[in-house]
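Chemist: Terminal number for the sequence shown in the numbering used here: 361, no gaps in between.
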Amino acid sequence: MRLVSTNSIEAGTILAQTIYNENGVVLIKKGMSLTERTLGRLLNQGITYIYIEDKSTTDIHAESVIPDKLRMEATETIKETFIEIKNGGLDSRSYILNKKEKRLTDVVRRIMEEIQDSEKSISLLTDIFINDNYVFQHSLNVTIYALAIGVELNLSTKELTEVGLGAMLHDIGKIFIDPEILQKPDNLTDEEYEIIKGHTQIGYDFLRKHLDIPTVISHCAYQHHERLDGSGYPRGLKGEDIHIYAKLIGIADVFDAVTSNRVYRDAMLPHEGMEVLYAGAVRLFDKDMIEAFKRSIAVYPVGLTVELSDGREGVVLRQNQALCDRPVIRILKEKGCRIEAPYEADLSTVLNVTVTACFTA
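(1) Let me check understanding here. Comparing Cα to Cα, which of Gln223, Ala279, Ser309 lies closest to Val397?
(2) Is Leu43 near Asn7, with beta carbons less than 9 Å apart?
(3) Roughly how many angstroms lie between the CA atoms of Lys392 and Val151, to the nearest whole one?
(4) State the DSSP-derived secondary structure class of Ala341, mapped to helix, strand or coil.
(5) Pull up the distance between the alpha-carbon of Phe255 and that of His271, whole angstroms please.
(6) Taking the beta carbon of Asn87 as the centre, do at least 16 other beta carbons fall within 10 Å, making it buried, or is it exposed?
(7) In the DSSP assignment, the beta strand (DSSP E) including Phe136 goes from what residue to what residue?
(8) Note the first and the last residue of the continuous alpha helix (DSSP H) segment covering Ala221.
(9) Report the residue from Leu284, Val306, Ala74, Ile85 whose alpha carbon sits nearest the alpha carbon of Val142.
(10) What three-state label does DSSP hand Val299 in the structure shown?
(11) Could you give the DSSP three-state label for Ser56: helix, strand or coil?
(12) Which complete beta strand (DSSP E) runs does the segment 97 to 121 hold, if anything under 3 residues is left out?
(13) Cα separation between His219 and Ile251?
(14) Which residues mark the beginning and the end of the beta strand (DSSP E) in which Glu334 is found?
(15) Which whole-angstrom value is the C-beta distance of Leu104 and Leu165, which I expect to be below 8 Å?
This is the structure in structure tokens:
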């Protein structure tokens, strides 16, 4: 299989990875020929990249760290919790969250165990689910990324559980924001931007009232947009005044935001998302946390076509554990010409060769 941009695909291309909706129902099964109508639907649903069948990469398979069943259960749990809280009256909202807290925590622990037990690098490009509400999917993705960072930093089980729950609920304040503003495709007015920024205060005020939830969880919602140099919001906190969980979730939040399709912009690839984080290292984000994140995710996902610094081209075959920016490449071209006998180039052993470009067309 090969990873390509959805808008570059021609009708008749064969899908190599099944696409589901948020409830786990198969929308498009792998092996199906994609039509113009289907491709248009995928683009409208925000599916920027998909895996297709390709003769030179038939034996390459991208595998998910989080099992599909768990991912779908997690998404449904987040969705049910957020919708019930949003629709509940003021008197019932606290009861709803208290009722759901054990289920949310259980999901967090199961995701944590999958990450701890897996030797694979995390790539959510392999998990193609169409979800009508960005907040639900984003909350899960941030949870997965935040836990990956926490595992790499050797946080305790208690700390990881708190990080995961804090990440899962970090954007809960957005359910009380007008969806027309949240999903507005045009530039926000200053007033609208201030309304959206208010989700941190709203989330904090809601969560801190719940005695069954650790106080630090409410600070994850409150502080995940704070930045080390004081340029964040809502309080302009600096450095050590920002809770470690909020620093960690802030990194996961930004990465998922830029690597997910939004109504106002297409998704970046993981290596581009990492560049965004590194651009803010030290000034905005904790550099050690970024380094931990880099060690845990697939910077260049399996199936991605890349160009190397020595001019060779190929497709990412597999990842190298803890060296996720130096994968194993199946070389298909040399000096611009396709070669008859493709071979492997392990970038973890050839340190003078780097990835210089990625292609998704």
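Quick reminder that beta carbons are idealized off the backbone N, C-alpha and C, glycines included.
Modeler: Looking at the atomic coordinates:
(1) Any property of residue 397 remains undetermined from this structure, which presents the chain solely from 1 to 361.
(2) With a cutoff of 9 Å on beta-carbon distance, Leu43 and Asn7 are scored as near each other.
(3) Since the displayed the chain opens at 1 and closes at 361, residue 392 lies outside it and no answer follows.
(4) strand
(5) 10 Å
(6) exposed
(7) First-last for Phe136: 134 to 152, but that is the alpha helix (DSSP H), not the beta strand (DSSP E).
(8) 215 to 223
(9) Ala74
(10) coil
(11) helix
(12) Correct list: empty.
(13) Going by the C-alpha atoms only, they are around 15 Å apart.
(14) 328 to 334
(15) With a Cβ gap of about 6 Å, Leu104 and Leu165 count as contacting.
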